[in-house]
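**Student:** Counting with UniProt numbering, you get residues 1 to 406 for the letters of the sequence shown.
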Amino acid sequence: MSDGKLIFTEYDGKALAMLFQKKRLVAAQVLPEGANRIGAVYVGRVKHVAANIAACFVEIADGEICFLPFKEASVPFLLNRTYDGRILAGDELLVQIINEAQKAKQANVTAKISLANEFFALSLDTSSHASFSSKLSSEQKKQLQELLHEEGILEGRTFRQPPQVSVPISGVVRTQAGDCSREELVSAFHALQREFVQLLEKAPYRTCFSCLKEARPGWAAVLNSMVYPWEYDEIVTDQSMLYEAVSAYCKEKLPEKQVRLYEDASYPLHKLYSIKTRLEEALGKRVWLKSGGYLIIEPTEALTVVDVNSGKYESKRGSAESAYLVNMEAAQEIALQLRLRNLSGMIIVDFINMFSAEYEEKLLQHLRSLTGKDKQKTVVVDITPLGLVEITRKKTSRPLKEQLAK
């Protein structure tokens, strides 16, 4: 049992999803107002090609222009001509929203259409290569590879391609595939591949700006993108309509989860979980550590800076070992805060100087192990000569602070 609870509620005019573990808030997200569009697939039209920035601008609705980098258009599924290696103004193609518009930036789209379920993610690609989640153990990867070969899903290191499709479809075997039955795995793959084929087959018959696939509801996207199934045992909400939808979904997809409707009007759900206080803490500049040390977290336009301080920490150990112990505790808190605050891009951490190459290497290994559990791809790059640790975290949505802004 994980002792985790996933809460869906409304507070201060916003719909929230919040993951609590051992009564501590570890992840939070504001659900989009209206329909969520991330993952939606459209027939778009190229309005303008900007070779100087290696990108083009694609219209997906009357007057709505999105940004498509060339690197996301290496395998375009063109609908009004045969692809000859170039993207031209007037081309009609399938695009998928990967980031909504933010401030002055347009929504980002990709031509690498991707569909996913619990066990697989399939994408249009330059080849039909198969890869496995890095979170699967070597033994799990070996067992899954053998199983998928036996079932005719894999051929060598590639997925067997459906005869109806002329473009390569690559795929990833996801982490949860390591904990399901053969029947579940095979059924899930064929269902997802069939959905992909049907989408590509109907595309040539749809008009420009058509939406071929709607995005999942915000709450369903949370179950896939914000949390792992093993991080929570129970889903609690005080929204009756959402309760019905989540209950139906879990009955089919996550039967082991308890779904509960909170109905105590005298003591609202947001008060029960002290959501106001938890959110204020999640946005605060200073984060205290149990040892007495603390973090200072300062996001800027270009990057996020995290400063580790020993604070009130007292120890009879030597200064290098004391610094090492505070840094190891800080690393655990930093991994949590990156996820909770949804910080992305470049993150620079100024740990306490330990004056020891051995301690530095142990700290980096510890930090890599912690960030490797993050849902979003997070890379601990290295430690600079000045003792600063560089981290990158993939951006898929706005920081929590921006999501909560009025």
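Here a beta-carbon is modelled for each residue, glycine too, at the ideal position from N, C-alpha and C.
Have a look at LEU303, TRP288, SER170 and GLY345 and flag the residue whose alpha-carbon is nearest the alpha-carbon of GLN193.
**Tutor:** Against the sequence shown, residue 193 aligns to sequence position 193. For GLN193, the nearest C-alpha among the options comes from SER170.
**Student:** Just curious, the alpha helix (DSSP H) that GLY44 is in, first and last residue?
**Tutor:** Locating residue 44 in the sequence shown gives position 44, where the first residue counts as 1. Careful: GLY44 lies outside any alpha helix (DSSP H), inside the beta strand (DSSP E) at 41 to 50.
**Student:** Just to confirm, are ASN309 and TYR359 a CB contact at a threshold of 9 Å?
**Tutor:** In the sequence shown, residue 309 corresponds to position 309, counting from 1. In the sequence shown, residue 359 corresponds to position 359, counting from 1. No, these two residues do not count as a Cβ contact at 9 Å.
**Student:** Buried or exposed for HIS270, please, with buried defined as at least 16 other CB atoms from any protein chain shown within 10 angstroms of its CB.
**Tutor:** If you number the sequence shown from 1, residue 270 lands on position 270. With 16 or more other Cβ atoms within 10 Å, it is buried.
**Student:** Under 9 Å, do residue 478 and LEU68 count as touching if we go by C-beta distance?
**Tutor:** Lying before the first or after the last residue shown, residue 478 is absent from the chain, which here runs from 1 to 406.
**Student:** Could you pull out every unbroken beta strand (DSSP E) segment of at least 3 residues lying fully inside the stretch 260 to 321, listed in chain order?
**Tutor:** As far as the stretch 260 to 321 is concerned, its whole beta strand (DSSP E) runs of at least 3 residues are 286 to 288, 294 to 299 and 304 to 309.
**Student:** For THR277, does the count of other Cβ atoms within 10 angstroms reach 16, so buried, or fall short, so exposed?
**Tutor:** Start at 1 with the first residue of the sequence shown, and residue 277 comes out as number 277. Per the 10 Å Cβ criterion, exposed.
**Student:** How many angstroms separate the CA atom of PRO229 from the CA atom of GLU244?
**Tutor:** For the purposes of this step, residue 229 is taken as residue 229 along the sequence shown, with counting starting at 1. For the purposes of this step, residue 244 is taken as residue 244 along the sequence shown, with counting starting at 1. Rounded to the nearest angstrom, the two C-alpha atoms are 19 Å apart.
**Student:** Assign PRO76 to one of two classes, buried (16 or more other C-beta atoms within 10 Å of its C-beta) or exposed (fewer than that).
**Tutor:** Locating residue 76 in the sequence shown gives position 76, where the first residue counts as 1. Per the 10 Å Cβ criterion, buried.
**Student:** Quick check on DSSP: helix, strand or coil for ASN327?
**Tutor:** Mapped onto the sequence shown, residue 327 falls at position 327. In this structure, ASN327 counts as helix in the three-state DSSP scheme.
**Student:** Mark LEU338 as exposed unless 16 or more other C-beta atoms lie within 10 angstroms of its C-beta, in which case mark it buried.
**Tutor:** Position 338 of the sequence shown, counted from the start, is the residue given in the question as residue 338. By the neighbour-count rule (16 or more Cβ atoms within 10 Å), LEU338 is buried.
**Student:** Let me check one thing: in DSSP terms, what residues is GLU64 bridge-paired to?
**Tutor:** Stepping through the sequence shown from its first residue, residue 64 is reached at position 64. According to DSSP, which records beta bridges pairwise, GLU64 is partnered with ALA61.
**Student:** Could you tell me if GLY44 is buried or exposed, where buried requires 16 or more neighbouring beta carbons within 10 angstroms of its beta carbon?
**Tutor:** Along the sequence shown, read from residue 1 onward, the residue named residue 44 stands at position 44. By the 10 Å Cβ count, GLY44 comes out buried.
**Student:** Name the two residues that bound the continuous alpha helix (DSSP H) containing PHE196.
**Tutor:** Here the question's residue 196 lines up with position 196 in the sequence shown. Looking at the DSSP string, the run of the alpha helix (DSSP H) that includes PHE196 is 182 to 202.
**Student:** Could you check whether PHE119 and GLN176 sit closer than 9 Å to each other, using their CB atoms as the reference points?
**Tutor:** Locating residue 176 in the sequence shown gives position 176, counting from the first residue. Locating residue 119 in the sequence shown gives position 119, counting from the first residue. Contact flag set, yes.
**Student:** CB-CB under 6 Å to VAL305, same chain, minus the five flanking residues each way: which ones, in chain order?
**Tutor:** The residue you call residue 305 lines up with position 305 of the sequence shown. Cβ neighbours of VAL305 beyond the five flanking positions: GLU298 and ILE348.
**Student:** Under three-state DSSP, which class holds CYS56?
**Tutor:** Residue mapping note: residue 56 aligns to position 56 of the sequence shown, counting from 1. Looking at CYS56 - three-state DSSP - the assignment turns out to be strand.
**Student:** Cutting at 7 Å between CB atoms, please list the residues of its own chain near SER74, excluding the five before and the five after it.
**Tutor:** Walking along the sequence shown from the start, residue 74 turns up at place 74. If we look at SER74 and ignore the five residues flanking it on each side, its Cβ neighbours are THR126.
**Student:** Buried or exposed: where does ARG81 fall if 16 or more other Cβ atoms within 10 Å of its Cβ makes it buried?
**Tutor:** Your numbering for residue 81 matches position 81 in the sequence shown. The residue in question, ARG81, is exposed, as its Cβ has fewer than 16 Cβ neighbours within 10 Å.
**Student:** Would you give the residue range spanned by the alpha helix (DSSP H) that LYS362 belongs to?
**Tutor:** Taking the first residue of the sequence shown as 1, we reach residue 362 at position 362. Note, LYS362: alpha helix (DSSP H), 357 to 371.
**Student:** State yes or no: is the C-beta of VAL186 within less than 9 Å of the C-beta of SER133?
**Tutor:** Against the sequence shown, residue 186 aligns to sequence position 186. Against the sequence shown, residue 133 aligns to sequence position 133. Contact flag unset, no.
**Student:** Looking at the structure shown, is TYR228 part of a helix, part of a strand, or coil, going by DSSP?
**Tutor:** What you label residue 228 is simply residue 228 of the sequence shown in a count that begins at 1. TYR228: coil per DSSP, three-state reduction.
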